[in-house]
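In my numbering, the protein residues as written are 2 to 153.
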């Protein structure tokens, strides 16, 4: 019995390290609870995420702070449906591609840099503190305005 448990854990971690695309995962559902702190205020976000690998469709059903559904695909097409207002917002940009999502990078075994290099970020430095590897990245010029508040 001990050997079966050991083999299970070895296989589980091996598949995790290689990425789930080798396992032919067609669909996956995740629940997300995110907390972020900015200027002393905490923001909570809760959502259910549904990913379909065949066409790269990612459906995110947010329940907090607002009820809305966001649908993206691997072409960067995005639609956000706000249930309260009964409105739909549509846009397209490669920045919105489901292949630029943390779930995609995890499933593809690309969690080491979370795809930052793929979308144009430049690695500035790598540090090791308290057993953790910390990397610092510089955003591409088209995204710099989203991150320049850190430069203060």
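Ideal Cβ positions, reconstructed from N, Cα and C, are used throughout, including at glycine. Predicted model only: the values in this text are computed from it and were never measured.
As a quick exercise: from the options, pick the residue whose alpha carbon is nearest that of residue i.
| i | options | result |
| --- | --- | --- |
| residue 121 | 132, 99, 140, 37 | 140 |
| residue 70 | 123, 47, 77 | 47 |
| residue 55 | 26, 89, 127, 134 | 26 |
| residue 66 | 126, 83, 29 | 83 |
| residue 28 | 35, 88, 104 | 104 |
| residue 85 | 78, 68, 91, 96 | 68 |
If you draw a straight line from the alpha carbon of residue i to that of residue j, how long is it in whole angstroms?
| i | j | result |
| --- | --- | --- |
| residue 93 | residue 32 | 25 Å |
| residue 80 | residue 40 | 30 Å |
| residue 52 | residue 145 | 29 Å |
| residue 76 | residue 130 | 38 Å |
| residue 98 | residue 116 | 12 Å |
| residue 12 | residue 88 | With a pLDDT of 46 at residue 12, under the threshold of 50, the modelled position of that residue is not reliable, and the figure given next carries that caveat. So the two alpha carbons sit approximately 46 Å from each other. |
| residue 125 | residue 143 | 17 Å |
| residue 170 | residue 110 | Coverage of the chain is limited to positions 2 through 153, which leaves residue 170 absent and any answer about it impossible. |
| residue 78 | residue 108 | 20 Å |
Would you call residue i buried or exposed, if buried means 16 or more other Cβ atoms sit within 10 Å of its Cβ?
| i | result |
| --- | --- |
| residue 59 | buried |
| residue 148 | exposed |
| residue 106 | buried |
| residue 113 | exposed |
| residue 100 | buried |
| residue 64 | exposed |
| residue 73 | buried |
Between residue i and residue j, which are expected to be in contact by the criterion C-beta below 8 Å, what is the C-beta distance as a whole number of angstroms?
| i | j | result |
| --- | --- | --- |
| residue 49 | residue 62 | 5 Å |
| residue 1 | residue 123 | With the chain running from 2 to 153 in the structure shown, residue 1 is simply not present. |
Exercise. Where are the alpha helix (DSSP H) runs, 4 residues long or more, that stay fully inside the segment 119–151, in chain order?
Worked result: 145–148
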